[in-house]
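Numbering (this note's numbering), first residue to last: 137 to 276.
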């Protein structure tokens with residue numbers, strides 16, 4: 137596996153684990169209250185710290201183990217993989233944007249809206265990184 141593929145695996149697993157915990161541990165009973173909005177803010181702090189820490193430690197670990205590989209420029213294959221992954225992530229992002237706009241018209245509570253917005257971004261990012269991992273394995 138290349139350095140970039142290893143860091144993509146770390147990103148995918150960190151996102152899935154951190155936001156999996158977030159959406160499972162979120163106090164859904166109070167989502168429509170002001171405390172629900174505060175819970176979003178309070179729970180995003182550890183999620184952000186966990187993702188940043190995992191990615192920083194992983195990148196440092198793999199860069200120390202293979203410094204030449206870490207400093208290689210992106211080749212045409214890797215650029216193609218990143219473009220394809222970003223292209224695929226566009227669709228759930230647009231669908232989520234439309235769902236969020238519809239949520240505005242139905243006057244959902246701010247807690248529901250924030251969680252819906254966050255789910256949109258997380259799903260799009262998981263699709264992007266997951267598809268890039270697929271293309272790395274498939275051999276594009």
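C-beta: ideal position from N, C-alpha, C; glycine also.
Source: prediction; values computed, not measured.
- prompt: How is residue 169 classed by DSSP in three states: helix, strand or coil?
  reply: Correct three-state label for residue 169: coil.
query: In three-state DSSP terms, what is residue 244?
result: coil
Helix, strand or coil at residue 156 according to DSSP, with G and I counted as helix: helix
message: Taking a contact to mean a Cβ-Cβ separation below 8 Å, would you say residue 195 touches residue 143 in this structure?
response: yes
query: So what's residue 163 in DSSP terms, helix, strand or just coil?
result: coil
message: So, at 6 Å on beta carbons, what are the nonlocal neighbours of residue 259 in its own chain, with the 5 sequence-adjacent residues on each side left out?
response: 228.
query: From residue 139 to residue 188, what does the alpha carbon distance come to, in whole angstroms?
result: 18 Å
Cβ shell of residue 236 (< 8 Å), same chain only, five flanking positions each side left out: 249, 252, 253 and 256
- prompt: Are the beta-carbon atoms belonging to residue 148 and residue 262 less than 8 Å from one another?
  reply: Closer than 8 Å, so yes.
query: Sorted by chain position, which residues of the same chain lie with C-beta nearer than 8 Å to residue 146's C-beta, five sequence neighbours on each side aside?
result: 190, 191, 194 and 195
- prompt: So, using beta-carbon positions, are residue 265 and residue 180 closer together than 8 Å?
  reply: no
task: Report yes if the CB atom of residue 247 is closer than 8 Å to the CB atom of residue 156, and no otherwise.
output: no
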